[in-house]
Amino acid sequence: MRRTVRQRLTVLGLTAPAYLWLTVAIFLPLSAMFCFSFLSALPLPGRSVSFTLDNYRTIFSKQLYLINTKRSLLLGLHVTLGCIAIGYPAALALAKYVRGRWREAVFLLIVLPFWSNGLVRTFSWTMVLRKDALLDWFVRLFVPDAPSLDLLFSYPAILIGLIHAYVPYMILTCYVSLQAIDDSLIEAARSLGASAFTAFRRIILPLSLPGLVAGTILIFVPVIGSFMEPEILGGKEAIMLGPIIERQFTASANWPLGAALSFVLLAIVLAIFAATWPFLRPHLRDA
Amino acid sequence: MAKVGVILVRGYLALLLLFLYLPITVMIVMAFNQSALYQMPFVFDLKWFAALQDNQKLLDAGFNTVMIALINTVIATTLGTLAALAFARYSFRGKTLLQLLLFPPITIPWLIIGNSMLVMFYWIYLGRGLHAMLLGHVALSLPYVIIVVGARFRSFGTTLEEAAATLGASPWQAFWRITVPIMAPGMVAAALFAFAVSFDQFVISYFLAAPGVTTLPVEIYTAIRKGYTPEINAISTVIIVVSMGLMLLVSRFYRFGGER
Amino acid sequence: MSRVEVDRVSKHYGTVRALDEVSLAFADGEFFGLLGPSGSGKTTLLRAIAGFVEPDSGDIRFDDRPVRDLAVHRREIGMVFQNYALFPHLSVFDNIAFGLSVRHLPVAEIKARVTEILGLVRLAGYEERRPRQLSGGQQQRVALARALVTRPRVLLLDEPLGALDKRLRQQMQIELRQIQREVGITTIFVTHDQEEALTLSDRIAIFNEGRVVQIGAPHAVYERPSSAFAASFLGDANFFAGQVSAEAGRIEADGGRRIATLDALPPAGARITVAVRPEKMLLEPATAPERDTPNRWTGVVKQSVYSGSSITYRVDVGTEIVVFAQNQSAQPLAPGTAVAVTWDPLHSVVVEA
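Heads up: the protein sequence lines correspond to chains F, V and S, in order.
Quick note: the first sequence uses our numbering, first residue 462, plus one each step.
Quick note: the second sequence uses our numbering, first residue 2, plus one each step.
Quick note: the third sequence uses our numbering, first residue 216, plus one each step.
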């Protein structure tokens, strides 16, 4: 069929440029990194390198890496829980209790900082959390002579920064889910004798689960791989996978180890995706 | 709804917005504050903004950032729109796979993408620098462009193009006279998105920056790690105002959160 | 204005047969309705004629010329879509002029023809409006004008009146038919609304599962359905299964009753199904004087539904049947009333099961 051939060529022509670019910039590099993780050292001119599993062996045997991985996963968990605690009620409020112009305006205001420069946002938190800066000034309004909270360069600071950065994500996904729940479902539940709380627990919550799951994944994955926020807000407390990987590529120049670590991280990420794929699929269509 | 409930809801949302905008506001305020140590009380002073003009490194970085963002926008919007067209008009084998492949750039931690680009470009002697950063930025912008333009196209469907065909318009005529004008708002939104993605990009730029060739976010980061200078506040204020301004523009062309 | 011939066209999507060896001939200037349930293939055929669907086998010809290798924009068709597909960024004038401007006609001629057709659809003065400023009926007329102004060979309508409310739809049906007669163009339209098909068409084709089940003038197809599907899809029908009697023109219905018919019958003993339309049956109290017709069954009213101008009865005559009665006496017969149901043997239609 002449037309089908012509169609196939058109499709190829339209999609090839974009996907070729993606291949060169994303997919090939990922494979390259995989290969790199098996090298014994950074291949500089004049130096001979060999293939080895040493990098992986190091990662799985040394306590250091295990601790960091655990701390990263814990950070992911804490940030996600924080985002759910703050974000879900907000999404619920927006979806069910705010209408019209206000809803759009508030929604925009919530999403706006999310799309601004992440580095600058994180930096701005240092202004607030620093010793003798805004937070301390605020506390001293109530309790003069209070010692400085000195929150900067601590784990809570990292938490605050990351939650601040990612909570709009949770609000977005939960909002999409919640908003799809027809009001008549709630009305039906109430007419059948359910209290407002029961209606929430048995109707709204289960139906908004996909949004929660999607938000969880979209937050958990970047957080466990983050290094910028932990380093800026946590300083020495940033004992996590992200900063360690970053160091291999800058300070330590141990690229193969960095590649191996990255790949371990990637494996964790893919495992999470694989486990939660059935929840994600409906959201693909909303995009 | 009960009066108490309304107050609760409004109060909660207000607190949330306060939390979201607090640090940014503080930073902007401090940029105009005389104190070099971010200490109260507040004394209005423009000296940090003035100091920016003499900071050659920051100016160069700023120039690089804008250049890359502009080129990135042109490339990503063009390539992305073409791909979005293919997805909207045709169904073909492998379409779902291609759509799935749009997700790795957005969902895989940028740390991994950044250093894998570094590794690969080193291997093929592409090296680091502006060209490498551009390669990375476009790859990150593409999925957003495709999604935004695709959404716009989907809301109108292919019926309009079919109608044009029944009226005798060749595919070329239909594209220029019907498809492009209707997709224009979506394309503008996608272009602004792409600009913002590149403008704000830190991680990829960080790994692919060469000595002396950096972007603003990378410079800011280095400065933060070394120690504070309030000039950073000033340039950060500029950046954040630009970023948020861009997003406000995007919202004119693209509805976040769907319908009214 | 062209004849259109569809010659054994088939199309499948995976395992689904959307069209199965469909053959139809559309005469020049004919208003032809494609009727059928969702998924029956009628829309697929329309889109195949337009050129959006490529048949797997078979041919489509306009005036004896195969159109297989002609792209949509070269087939010189006019099409009105279900949602009108008016270009939102163009004015009414530019929408209608679109087909003329892609052919690069001179500006003066475009203006003349657009003005003329706006008069025909009674929208003179609306040139500068945008589609979103128009009502549903007005949008429909613009869509029609846009399709007609290029003087196409065939006009294709995809459920054109589906989006309108009942009153407006009836009005548009009349207008549509008038315009078509004036212009004289071969028109093929798709609908699932049987009333619309009956009102507008010169001929109709009933589709089911990718096949044409019956073709003919509305009156012929309605009064003499050839299958149980046609009988129940177009209008309503009471079905009686039975055996051909030894007596000429008689059928022994299961359950013991006999039916008289004027249709040709297979030999005695053969299994057969007869359809009788509810409006052809006359319902009277059992006490009324007997009428002179061999088809007279007694029974009891089970339910009467009052719909203003007519009443629908469910009657138990051994099996349950439906009877439509005109609301002449304003007094529906109550459930439980003993009644007699009679009808003319002419209206006992033999159908394939």
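Using N, Cα and C, we set each Cβ at its ideal position, and we do this for glycine too.
* Identify every residue that forms a DSSP beta bridge with F241(S). => Indexing the third sequence from 1 puts residue 241(S) at position 26. The partner list for F241(S) (beta bridge, DSSP) reads V219(S).
* State yes or no: is the C-beta of A358(S) within less than 8 Å of the C-beta of V295(S)? => For the purposes of this step, residue 358(S) is taken as the residue at position 143 of the third sequence. For the purposes of this step, residue 295(S) is taken as the residue at position 80 of the third sequence. Yes. Within cutoff.
* Length of the line joining the Cα atoms of L481(F) and P144(V) -> As a first step, residue 481(F) is located in the first sequence; it is residue number 20 there, counting from the start. As a first step, residue 144(V) is located in the second sequence; it is residue number 143 there, counting from the start. Near 13 Å, if we compare the C-alpha coordinates of P144(V) and L481(F).
* Along the chain, which unbroken stretches of the alpha helix (DSSP H) at least 4 residues long are found entirely within the region 597-657 of chain F? -> 616-640 and 644-652
* **Interface residues of chain V facing E720(F) [CB-CB closer than 8 Å]** => Position 259 of the first sequence, counting from 1, holds the residue named residue 720(F). Strictly speaking, residue 720(F) in this sequence is Ala, with Glu absent from that position. What A720(F) touches in chain V: N116, S117 and V120.
* Asked: At a Cβ threshold of 8 Å, is G187(V) touching chain F?
  -> Residue 187(V) sits at position 186 when you count from the first residue of the second sequence. No, because no Cβ of chain F sits closer than 8 Å to the Cβ of G187(V).
* Asked: Three-state secondary structure (DSSP) at P500(S)?
  -> Numbered from its first residue, the third sequence carries residue 500(S) at position 285. Strand at P500(S).
* May I ask you to list, following chain order, the residues of the region 270-294 of chain S that have a beta carbon less than 9 Å from some beta carbon of chain V? => A286, V287, H288, R289, R290, E291, I292, G293 and M294
* Going by Cα to Cα distance, which pick from P667(F), I624(F), F734(F) and I619(F) is closest to P691(F)? -> Here residue 691(F) is taken as the residue at index 230 of the first sequence, counted from 1. Nearest of P667(F), I624(F), F734(F) and I619(F) to P691(F), Cα basis: I619(F).
* Proximity winner among G293(S), D278(S) and R472(S), relative to L261(S) (alpha-carbon distances) -> Here residue 261(S) is taken as the residue at index 46 of the third sequence, counted from 1. The candidate whose alpha carbon is nearest that of L261(S) is G293(S).
* So which residues of chain V does G314(S) contact, with C-beta pairs closer than 7 Å? -> Residue 314(S) sits at position 99 when you count from the first residue of the third sequence. In chain order: L168 and G169.
* Any beta-carbon of chain V closer than 8 Å to the one on A263(S)? -> Locating residue 263(S) in the third sequence gives position 48, where the first residue counts as 1. For A263(S), the answer is no, since every Cβ of chain V falls outside 8 Å of its Cβ.
* N- and C-terminal bounds of the beta strand (DSSP E) containing W563(F) -> Here residue 563(F) corresponds to residue number 102 of the first sequence, with the count starting at 1. Taken as a continuous stretch (DSSP letters only), W563(F) belongs to no beta strand (DSSP E), being part of the alpha helix (DSSP H) at G561 to F575.
* Asked: Straight-line CA distance for H304(S) to R345(S)?
  -> For the purposes of this step, residue 304(S) is identified with residue 89 of the third sequence, where counting begins at 1. For the purposes of this step, residue 345(S) is identified with residue 130 of the third sequence, where counting begins at 1. Approximately 8 Å between the Cα atoms of the pair.
* Neighbourhood of D747(F) by C-beta distance below 7 Å, restricted to the same chain and skipping five residues each side -> By one-based count along the first sequence, residue 747(F) stands at place 286. Because the pLDDT at D747(F) is just 49, under 50, the model does not fix this residue reliably, and the point stays unresolved.
* In this structure, does DSSP put H132(V) in helix, strand or coil? -> For this step, residue 132(V) is matched to residue 131 along the second sequence. Helix, per DSSP.
* Partners in chain S for T78(V), counting only beta-carbon separations shorter than 8 Å -> Working through the second sequence from its first residue, we reach residue 78(V) at position 77. Under the 8 Å cutoff, chain S gives no residues; its nearest Cβ is about 20 Å from T78(V).
* Asked: Got a sec: is the Cβ-Cβ distance from Y480(F) to anything in chain V below 8 Å?
  -> Walking along the first sequence from the start, residue 480(F) turns up at place 19. Yes - at least one Cβ of chain V is within 8 Å of the one on Y480(F).
* Asked: For Y558(F) and chain V, any beta-carbon pair shorter than 8 Å?
  -> On the first sequence, position 97 is the one that residue 558(F) refers to. Y558(F) counts as touching chain V.
* Asked: Leaving out the 5 sequence neighbours to the left and right, which residues in its chain are closer than 6 Å to N34(V) when beta-carbon positions are compared?
  -> By one-based count along the second sequence, residue 34(V) stands at place 33. Contacts found: F43.
* Asked: DSSP state of A463(S), grouped into three classes?
  -> As a working note, residue 463(S) is residue 248 in the third sequence. A463(S) falls in the coil class under three-state DSSP.
* **Per DSSP, the bridge partner or partners of M294(S)** => The residue labelled residue 294(S) in the question sits at position 79 within the third sequence. DSSP lists L371(S) as partners of M294(S).
* **Straight-line Cα distance separating V472(F) from E260(V)** => Counted from its first residue, the second sequence places residue 260(V) at position 259. Counted from its first residue, the first sequence places residue 472(F) at position 11. Below a pLDDT of 50, predicted positions are generally treated as unreliable, and E260(V), at 34, falls in that range; no measurement from the model is reported.
* Should E374(S) go down as buried or exposed, given a rule of 16 or more other Cβ atoms within 10 Å for buried? -> As a first step, residue 374(S) must be located in the third sequence, where it is residue number 159. E374(S) comes out buried.
* To do: List the residues of chain V that A300(S) touches, going by C-beta distances under 8 Å, in chain order.
  => For the purposes of this step, residue 300(S) is taken as the residue at position 85 of the third sequence. Neighbours of A300(S) on chain V, chain order: T160, L161, E163 and A164.
* To do: Out of S460(S), D507(S) and V287(S), point me to the one whose CA is closest to T488(S)'s CA.
  => Translated into positions along the third sequence, residue 488(S) becomes position 273. Of the listed residues, the one whose Cα sits closest to T488(S) is S460(S).
* Could you list which residues in chain V have their beta carbon closer than 9 Å to that of H319(S), in chain order? => Residue 319(S) sits at position 104 when you count from the first residue of the third sequence. Here the premise fails: no neighbours, minimum Cβ distance about 10 Å.
* **Minimum length 3: unbroken beta strand (DSSP E) runs contained in the region 264-318 of chain S** => 272-277 and 292-295
* Among L673(F), R591(F), K531(F) and L514(F), which has the Cα closest to the Cα of I700(F)? -> Position 239 of the first sequence, counted from the first residue, corresponds to residue 700(F). When each option's Cα is compared against that of I700(F), the closest is K531(F).
* **chain S residues whose Cβ lies nearer than 7 Å to that of Q174(V)** => Taking the second sequence and counting its residues from 1, one reaches residue 174(V) at position 173. Within chain S, the residues near Q174(V) are V317.
* CB contact check: R345(S) to chain V, cutoff 8 Å -> As a working mapping, residue 345(S) is identified with position 130 in the third sequence. So, not an interface residue.
* Take the Cβ of R560(F) as the centre, count every other Cβ of all protein chains shown within 10 Å, and call the residue buried at 16 or more, exposed below. => As a first step, residue 560(F) is located in the first sequence; it is residue number 99 there, counting from the start. By the neighbour-count rule (16 or more Cβ atoms within 10 Å), R560(F) is not buried but exposed.
* **Extent of the continuous beta strand (DSSP E) run through D61(V)** => Residue 61(V) sits at position 60 when you count from the first residue of the second sequence. Per DSSP, D61(V) belongs to no beta strand (DSSP E); it is in the alpha helix (DSSP H), Q57 to R90.
* **Buried or exposed (CB count within 10 angstroms, at least 16 for buried), N542(S)** => Here residue 542(S) refers to the residue found at position 327 of the third sequence. Under this definition N542(S) is an exposed residue.
* Asked: Anyone know if the C-beta pair for V139(V) and M184(V) falls short of 8 Å?
  -> For this step, residue 139(V) is matched to residue 138 along the second sequence. For this step, residue 184(V) is matched to residue 183 along the second sequence. Result no, Cβ atoms of V139(V) and M184(V) do not sit closer than 8 Å.
* Under 8 Å between C-beta atoms of V27(V) and L595(F) -> As a working note, residue 27(V) is residue 26 in the second sequence. As a working note, residue 595(F) is residue 134 in the first sequence. Cβ atoms of V27(V) and L595(F): closer than 8 Å.
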